[in-house]
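S.K.: Everything in the sequence shown is counted per this note's numbering, starting at 51 for the first residue and increasing by one. We treat Cβ as the ideally placed atom computed from N, Cα and C, and that holds for glycine. On a predicted model such as this, the values are computed, not experimentally measured, just so you know. Handing you this structure, nothing more for now.
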Amino acid sequence: MYLKRPAGGLAFCLFYLASCFTNKYVLSVLKFTYPTLFQGWQTLVGALLLHVSWRLGWVEINLCSRSEILSWLPASVLFVGIIYAGSRALSRLPIPVFLTVHNAAEVITCGFQKFVQKEQTSHLKVCSVLFLLVAAVCLPLCDTQFDPNGYLWALIHLICVGAYKVFHKLWKPSSLSDLDQQYINYVFSVVLLASASHPAGDLFSALDFPFLYFYRFHSSCCASGLLGFFLMLHTVKLKSSTTSGQYAAWSFLAKVITASLSPFFFVMTANVLTISCLVIGGVGEALLVYTERTGT
C-alpha cells in the first residue's frame with residue numbers, strides 16, 4: 051500500500067497512538083471514570099487552544115453565519131455522544147476490542163447510502179462492511195473479558211459515530227470548514243458537559259478520587275488534552291492534503307499500530323475466537339480502505 055505525505059501521516063499515527071494510550075491510562079489504570087469531567091476537560095483544552103491559535107493567526111476560523119452554526123448543532127450533540135459513550139466504553143474494553151466495534155459504524159453509513167440514498171455500492175464494499183459487522187457482533191460472544199456495560203456504551207458510541215457521518219454527508223451549507231465545525235463542537239461540548247457534571251453526579255464523586263492530588267493524574271490529564279488537540283489538527287491537515295483513500299489508509303495504519311501495541315501496555319485476555327474476530331475486523335477495514343483508494 052503506497053502512502054503519500056509520510057511526514058504528516060506518521061505524525062498523525064503518533065498522536066493517534068499517544069492519545070489512545072493516554073486516555074486508556076487515565077480511564078482504566080487510574081480509573082478516573084467521570085466522563086463529564088474528563089471529556090469536558092479535553093474539549094475545554096481543545097477549545098482554548100483552537101481559539102488562541104485562531105487569534106494568533108495560526109489557523110483560520112470563520113463563524114459569520116449564525117444560521118449555519120445553528121444548523122450544525124445536531125452534529126455537535128452527536129459529537130458529545132461520541133466522546134461521552136467512547137469514554138465509558140474505553141474505560142471497560144481493551145483498545146483492540148473498542149476499535150473493532152468503533153469501525154462497525156461504517157455499517158450505518160454504508161447502509162444509509164445503499165438503502166436510503168439508493169447509491170450504487172460495489173460487492174467488495176458490501177463484503178468489507180459485512181466483515182466489520184460480523185466482527186463487532188461476534189466479539190461480545192467470544193470475549194473472555196465480556197463486560198455488558200462496556201459493550202452497551204460501545205454500541206451507543208458506534209451509533210453516534212455512524213449518525214455523525216450521515217449528518218455530515220447530508221449537511222448542506224459548505225462555508226464551515228473542518229476547523230469551524232470542530233470549534234463549534236468543542237464549545238458546545240464544554241457547555242453541555244459542564245452543565246451535566248452535577249446532575250450526573252460526577253462533580254462531587256470526583257472529590258473522592260484517590261489520585262486527585264497525584265502528579266501522574268495531573269500530568270496525564272494535561273497530556274490527554276494536548277494530545278487530543280494535536281491529533282485533531284493533524285487529522286484536519288491530513289484530510290485536506292490527501293485524498294479520502296489516502297487518509298483512510300493512514301487511519302487504518304494508526305489503528306493497527308495502536309491495537310497491536312496496546313496488549314504490551316494494558317491488560318488484555320484473549321482466546322483464539324477473540325483474536326479471530328479482531329482479525330476479521332481488520333480485514334474488513336483493509337478491504338474498505340482498498341475500495342476507497344480504488345473507487346470500487
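Just the Cα atoms here: how many angstroms apart are Gly-96 and Cys-327?
M.R.: Cα to Cα, Gly-96 sits roughly 34 Å from Cys-327.
S.K.: Sorted by chain position, which residues of the same chain lie with C-beta nearer than 6 Å to Thr-93's C-beta, five sequence neighbours on each side aside?
M.R.: So the list reads Tyr-236, Ser-239 and Val-240, once near-sequence residues are dropped.
S.K.: Determine the extent of the alpha helix (DSSP H) in which Leu-77 is found, giving its start and end residues.
M.R.: Per DSSP, Leu-77 belongs to no alpha helix (DSSP H) and is neither H nor E.
S.K.: Please determine, among Leu-229, Ser-178, Tyr-297 and Leu-257, the residue with the shortest C-alpha to C-alpha distance to Val-329.
M.R.: Among Leu-229, Ser-178, Tyr-297 and Leu-257, the Cα nearest to that of Val-329 is on Ser-178.
S.K.: Between the C-alpha atoms of Lys-74 and Ala-57, what's the straight-line distance to the nearest angstrom?
M.R.: When rounded, the distance between both Cα atoms is 26 Å.
S.K.: Count the other CB atoms within 10 Å of the CB of Phe-65; is the residue buried (16 or more) or exposed (fewer)?
M.R.: Buried.
S.K.: For Ala-273, which residues in the same chain have their Cβ closer than 6 Å to its Cβ, ignoring the five residues on either side in sequence?
M.R.: Within the same chain, Ala-273 has close Cβ partners Thr-72.
S.K.: Taking 7 Å as the limit between beta carbons, can you name the residues of its chain near Ala-250, skipping five residues before and five after?
M.R.: Only Thr-86 meet the Cβ criterion.
S.K.: Taking 6 Å as the limit between beta carbons, can you name the residues of its chain near Gly-295, skipping five residues before and five after?
M.R.: Once the five neighbours on either side are set aside, the close Cβ partners of Gly-295 are Glu-342 and Arg-343.
S.K.: Looking at Ser-225 and Glu-118, is the spacing between their C-beta atoms short of 8 Å?
M.R.: Closer than 8 Å, so yes.
S.K.: So what does DSSP say about Asp-258, is it helix, strand or coil?
M.R.: If DSSP states are grouped into helix, strand and coil, Asp-258 belongs with the helices.
S.K.: Would DSSP call Val-317 helix, strand or coil?
M.R.: Residue state, collapsed to three classes: coil.
S.K.: Between Pro-200 and the rest of its own chain, which residues show a CB-CB distance below 6 Å, the 5 nearest in sequence each way excluded?
M.R.: A small correction: the amino acid at residue 200 is Gly; Pro does not occupy that position in the sequence shown. Taken in chain order, the residues that qualify are Ala-139, Arg-142 and Leu-143.
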